[in-house]
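*Asks:* Residue numbers (the numbering used here): 17 to 318.
Below are the structure tokens for one structure; questions will follow.
Below, the structure written as structure tokens:
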């Protein structure tokens, strides 16, 4: 297949591209830079100007849309919030406009979304894909993200929305940010009550599910992307400390201090609910990293 990828240089894209190459796919990349990428053809787009090289879309069989400003790298000023939102919605709108102009259209549009679609809340009952969206900034972003993806519904047979939880990778990302102070300080810290859940997924499973979605014509609509084993924060912290041969501080980081220091962004640490992954399992997919400890070991011990 000829596959067009956005966000190819991000945490997920860096793992996805080798899989696409190994699968014999012809890869097109939309990038802000003309810098060449091994095994792929690079085409330039500019979201601020609303432009993209039309040649990127010629003969494309599938689009995997990963582009979007990182939600955890900077504080959530109003300017940064707009960047987070518009980098997702404007990019999808631009893609849809170009696809509409193509005589030969793709067979599938696969878009990243966020498990924050359900809101940054804590409950014990897992969220299923048929539940409505939650409240808050990140929920609003995910809703707008998926609404922009719906522009493809009249254009392609399948629109697959992947509501991705926290991605663990050997190459970096949020797990390494959490592990760094543990490695340096010798102790792990529970956030707030520690009862908030932490749905996560290994980057290998994210990309493998994207590869499956390319050819599995039964896959359509939203999917919760998380590992089957989803601990609360206290359990995660103990497992992280164990893998790194450290200990857990007996006193948690108080919620009010995190709120004071991080504001609204503190919900990323203080809230979380499990995700139901039955829909993923119903596709016949087998997780390579279903359990937390093996994922932590793979990502942090290399």
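Idealized CB from N, CA, C, for every residue including glycine.
Values in this document were obtained by computation on a predicted structure and should not be read as measured data.
Determine whether the beta carbon atoms of residue 168 and residue 269 lie at a separation below 7 Å.
*Replies:* Translated into positions along the chain shown, residue 168 becomes position 152. Translated into positions along the chain shown, residue 269 becomes position 253. Contact flag unset, no.
*Asks:* Got a sec, what are the start and stop residues for the alpha helix (DSSP H) residue 174 sits in?
*Replies:* Counting from 1 along the chain shown, the entry for residue 174 is found at position 158. Premise fails: residue 174 lies in the beta strand (DSSP E), 174 to 180, not in any alpha helix (DSSP H).
*Asks:* List the whole-angstrom C-beta distance separating residue 259 from residue 316, where the pair is believed to meet the contact cut-off of C-beta under 8 Å.
*Replies:* Position 243 of the chain shown holds residue 259. Position 300 of the chain shown holds residue 316. Contact holds; Cβ gap of about 6 Å.
*Asks:* In three-state DSSP terms, what is residue 41?
*Replies:* Stepping through the chain shown from its first residue, residue 41 is reached at position 25. Under the three-state reduction of DSSP, residue 41 is assigned to coil, being neither helix nor strand.
*Asks:* When the distance is taken between beta carbons, is residue 157 closer than 7 Å to residue 101?
*Replies:* Within the chain shown, the letter at position 85 stands for residue 101. Within the chain shown, the letter at position 141 stands for residue 157. It is a contact, given that the beta carbons lie within the stated cut-off.
*Asks:* Decide if residue 287 is buried, meaning its Cβ has at least 16 other Cβ atoms within 10 Å, or exposed.
*Replies:* As a first step, residue 287 must be located in the chain shown, where it is residue number 271. By the neighbour-count rule (16 or more Cβ atoms within 10 Å), residue 287 is buried.
*Asks:* How far does the alpha helix (DSSP H) with residue 87 in it extend, from its first residue to its last?
*Replies:* Within the chain shown, the letter at position 71 stands for residue 87. Segment: none, residue 87 is in no alpha helix (DSSP H) and carries neither H nor E.
*Asks:* By Cβ distance below 8 Å, which residues in the same chain neighbour residue 306 in space, the five residues on each side in sequence not counted?
*Replies:* In the chain shown, counting from the first residue as 1, residue 306 sits at position 290. Here the set comprises 243, 244, 245.
*Asks:* Going by C-alpha to C-alpha distance, which of 311, 309, 302, 284 sits closest to residue 135?
*Replies:* Taking the chain shown and counting its residues from 1, one reaches residue 135 at position 119. Comparing Cα positions, the closest option is 284.
*Asks:* So is residue 261 buried or exposed if we call it buried at 16+ other beta carbons inside 10 Å?
*Replies:* On the chain shown, residue 261 is found 245 positions in, with the first residue counted as 1. Per the 10 Å Cβ criterion, exposed.
*Asks:* Please report the distance separating the alpha-carbon of residue 69 from that of residue 110.
*Replies:* Position 53 of the chain shown, counted from the start, is the residue given in the question as residue 69. Position 94 of the chain shown, counted from the start, is the residue given in the question as residue 110. Cα to Cα, residue 69 sits roughly 11 Å from residue 110.
*Asks:* Nearest-angstrom Cα distance between residue 219 and residue 279?
*Replies:* On the chain shown, position 203 is the one that residue 219 refers to. On the chain shown, position 263 is the one that residue 279 refers to. Between residue 219 and residue 279, the C-alpha separation is close to 28 Å.
*Asks:* Using three-state DSSP, classify residue 130 as helix, strand or coil.
*Replies:* Counting from 1 along the chain shown, the entry for residue 130 is found at position 114. Assignment of residue 130 by DSSP, reduced to helix, strand and coil, places it in the strand class.
*Asks:* Per DSSP, what kind of secondary structure is residue 168 in: helix, strand or coil?
*Replies:* Position 152 of the chain shown, counted from the start, is the residue given in the question as residue 168. Reduced to three states, the DSSP call for residue 168 is helix.
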